[in-house]
Amino acid sequence: MPINWGILGTGTIARLVAEDLQLLPDAALTAVGSRAQERAEAFGDTFGVPRRYGSYAALVADADLDLVYVATPHSEHLAHATMALEAGHAVLCEKPLALNAAQAKRLIDTARRHDQFLMEAMWTRFLPVMDDVHRLVREQRVLGDVHLLRADIGVARSFDPDHRLFNPALGGGALLDLGVYPIAFAFDLFGPPDAVHSSAVVGETGVDEQCAAVFRYDNGTQVVWHASVRADPGRTCVLAGPKGRLHGTRSWWKGAPFELTRNDGTTAAWARPYEGNGYQFEAAHVMRCLRDGRTESPVMPLDESHALLQTMDALRAEWGVTYPQET
1 MPINWGILGT
11 GTIARLVAED
21 LQLLPDAALT
31 AVGSRAQERA
41 EAFGDTFGVP
51 RRYGSYAALV
61 ADADLDLVYV
71 ATPHSEHLAH
81 ATMALEAGHA
91 VLCEKPLALN
101 AAQAKRLIDT
111 ARRHDQFLME
121 AMWTRFLPVM
131 DDVHRLVREQ
141 RVLGDVHLLR
151 ADIGVARSFD
161 PDHRLFNPAL
171 GGGALLDLGV
181 YPIAFAFDLF
191 GPPDAVHSSA
201 VVGETGVDEQ
211 CAAVFRYDNG
221 TQVVWHASVR
231 ADPGRTCVLA
241 GPKGRLHGTR
251 SWWKGAPFEL
261 TRNDGTTAAW
271 ARPYEGNGYQ
281 FEAAHVMRCL
291 RDGRTESPVM
301 PLDESHALLQ
311 TMDALRAEWG
321 VTYPQET
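The working numbering applies: residue 1 is where the sequence shown begins, and numbers increase by one.
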């Protein structure tokens, strides 16, 4: 039996996920909800969604849904995911799980109280290339003990105070939208850092337009990352140890080549291209979890999502970045 999906929101990320659900034969995109009926109708026409709702409340009231994907801005994740959980649905919520760690804890507590599945949509963790990274780094130890991860991510976005990336009321800023990716990469490989040093450029709307940090671990590992909504630094990553380095070339998460350079000078390169946008892998994982009767993902556990936001809260506190919902 297919799993019936409902998508809460009709923005860009919702459209990308809807496209990828069409690649999964056991996923049925059954319903979409928007704040405006006409947007729900347009989305439904584009993706062949049979049920179109002009409110989020109407969407989550659909008892035939197995799973609701929350695709609204960061500032709305707590309210919309809570709404879906309390209506009896499993939830895949866009990253970050909430605006801050306190909100994430409330959401996690709600999911556990209702015995419902909840997962942060950290889609990059489920990409095929990550299987290779884990195998090479953890199992085969081709780099030896990894001492360094360096990663950058950014977009060159023209300033618009009303755009979600610059609007504090929508949880704007480079950290929550982009910086969360290298931070989650570091957590995946090394766990939470033991010490953090950071810097940010705060723009006129009060959000971090650029940010960077060094994570230090007591075993000697360092993570250096940078995120920006005003410049594109290349979107690459490097893992290095005494035996060599792994270099993720631009758009490595989209199937572009990963390169291994050993200290003896030998090299290897491989790519893991795929059809679609890449969100189908996390969607397939969520459906496996539901079929296995899980209420939490073993790959993206809820306590880790909470810890990620604790780290990001500490960074924002250092920079003096707050959101209206927190004052």
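Where is the CB? At the ideal position from N, CA and C, for every residue including glycine.
Only a predicted model underlies this, so the values are computations on that prediction, with no experimental measurement involved.
> Which class does R157 belong to by DSSP, given the choice of helix, strand or coil?
Replying inline: Numbered from 1 along the sequence shown, position 157 holds the residue referred to as residue 157. R157: coil per DSSP, three-state reduction.
>> Here's the rule I'm using: 16 or more other beta-carbon atoms within 10 Å means buried, otherwise exposed. How should D109 be labelled?
In response: The residue you call residue 109 lines up with position 109 of the sequence shown. That one is exposed.
> Considering only C-alpha positions, which residue in the set G241, F187 and A283 is nearest to E94?
Replying inline: In the sequence shown, the residue the question calls residue 94 occupies position 94. Taking only the C-alpha atoms, the option nearest E94 is A283.
>> If the criterion is Cβ atoms closer than 8 Å, does the pair I183 and T322 meet it?
In response: Your numbering for residue 183 matches position 183 in the sequence shown. Your numbering for residue 322 matches position 322 in the sequence shown. No, these two residues do not count as a Cβ contact at 8 Å.
> Enumerated in chain order, which unbroken segments of the alpha helix (DSSP H) with a length of 4 residues or greater are wholly contained in the region 54-103?
Replying inline: 56-60 and 77-86
> Can you find at least 3 beta carbon pairs, one from the region 257-264 and one from the region 76-95, that sit closer than 8 Å?
Replying inline: no
>> Output needed for T267: all residues of its chain with C-beta closer than 7 Å, excluding positions within five of it in sequence on either side, in chain order.
In response: As a first step, residue 267 must be located in the sequence shown, where it is residue number 267. Hits under 7 Å: E259, L260 and T261.
> For the region 1-54, which segments carrying the beta strand (DSSP E) assignment without a break, of at least 3 residues, lie completely within its bounds, in sequence order?
Replying inline: 3-8, 27-33 and 51-53
> What do you get for H134, buried or exposed, if any count of 16 or more other CB atoms within 10 angstroms of its CB means buried?
Replying inline: Within the sequence shown, the letter at position 134 stands for residue 134. Exposed, since its Cβ has fewer than 16 Cβ neighbours within 10 Å.
> Thinking C-beta only, is G320 closer than 8 Å to V180?
Replying inline: Position 180 of the sequence shown, counted from the first residue, corresponds to residue 180. Position 320 of the sequence shown, counted from the first residue, corresponds to residue 320. Cβ distance not < 8 Å, so V180 and G320 don't count as in contact.
> If you draw a straight line from the C-alpha of W225 to the C-alpha of L178, how long is it?
Replying inline: Here residue 225 corresponds to residue number 225 of the sequence shown, with the count starting at 1. Here residue 178 corresponds to residue number 178 of the sequence shown, with the count starting at 1. Rounded to whole angstroms, W225 to L178 spans 11 Å at the Cα level.
> In three-state DSSP terms, what is E259?
Replying inline: As a first step, residue 259 is located in the sequence shown; it is residue number 259 there, counting from the start. Note: E259 maps to strand in three-state DSSP.
> Can you give the beta carbon distance from A18 to P2, rounded, assuming they're within the 8 Å contact cut?
Replying inline: On the sequence shown, position 18 is the one that residue 18 refers to. On the sequence shown, position 2 is the one that residue 2 refers to. Actually they do not touch by this definition, with Cβ atoms about 15 Å apart.
>> For L143 and G244, which I take to be in contact (beta-carbon distance under 8 Å), what is that distance rounded to the nearest angstrom?
In response: Residue numbering aside, residue 143 sits at position 143 when the sequence shown is read from its first letter. Residue numbering aside, residue 244 sits at position 244 when the sequence shown is read from its first letter. Their Cβ separation, rounded to whole angstroms, is 6 Å, which keeps L143 and G244 in contact under 8 Å.
> With DSSP run on the structure shown, which of helix, strand or coil describes R164?
Replying inline: Here residue 164 refers to the residue found at position 164 of the sequence shown. Of the three classes helix, strand and coil, the one that applies to R164 here is coil, per DSSP.
> Hey, is the region 157-174 in contact with the region 206-216, meaning 3+ C-beta pairs nearer than 8 Å?
Replying inline: yes
>> Judging by CA-CA distance, which residue of N4, W5, L21 and L29 is the nearest neighbour of G276?
In response: By 1-based counting over the sequence shown, the position of residue 276 is 276. With distances taken between Cα atoms, G276 lies closest to L21.
> What whole-angstrom Cβ distance do M130 and M300 have, given they're in contact under 8 Å?
Replying inline: For the purposes of this step, residue 130 is taken as the residue at position 130 of the sequence shown. For the purposes of this step, residue 300 is taken as the residue at position 300 of the sequence shown. Actually they are not in contact, since the Cβ atoms of M130 and M300 sit about 11 Å apart, beyond 8 Å.
> Comparing alpha-carbon positions, which option in L118, A40 and D132 lies nearest D303?
Replying inline: The residue given as residue 303 occupies position 303 in the sequence shown. Residue L118 is the option with its Cα nearest to D303.
> Which value, in whole angstroms, describes the spacing of the CA atoms of A151 and A63?
Replying inline: Counted from its first residue, the sequence shown places residue 151 at position 151. Counted from its first residue, the sequence shown places residue 63 at position 63. If I take the Cα positions, the gap works out to 43 Å.
> Does the Cβ of N219 have 16 or more other Cβ atoms within 10 Å, making it buried, or fewer, making it exposed?
Replying inline: Working through the sequence shown from its first residue, we reach residue 219 at position 219. N219 should be labelled exposed.
> Thinking just about the alpha-carbon of each residue, which of V146, R230, R272 and P128 is nearest to the one in F281?
Replying inline: Along the sequence shown, one-based indexing puts residue 281 at 281. Among V146, R230, R272 and P128, the Cα nearest to that of F281 belongs to P128.
> Are three or more beta carbon pairs between the region 96-112 and the region 65-72 nearer than 8 Å?
Replying inline: no
> Does the Cβ-Cβ distance between Y69 and G33 come in under 8 Å?
Replying inline: Here residue 69 refers to the residue found at position 69 of the sequence shown. Here residue 33 refers to the residue found at position 33 of the sequence shown. Cβ atoms of Y69 and G33: not closer than 8 Å.
>> Out of V196, T46, R51 and G48, which one is the CA nearest neighbour of A317?
In response: For this step, residue 317 is matched to residue 317 along the sequence shown. For A317, the nearest C-alpha among the options comes from V196.
>> With distance defined between alpha-carbon atoms, name the residue in E120, A200 and D145 nearest to P298.
In response: The residue you call residue 298 lines up with position 298 of the sequence shown. The shortest C-alpha separation from P298 is found at E120.
>> Suppose contacts are defined by Cβ-Cβ distances below 8 Å. Is R230 in contact with R157 by that definition?
In response: The residue you call residue 230 lines up with position 230 of the sequence shown. The residue you call residue 157 lines up with position 157 of the sequence shown. Yes, they are a contact pair.
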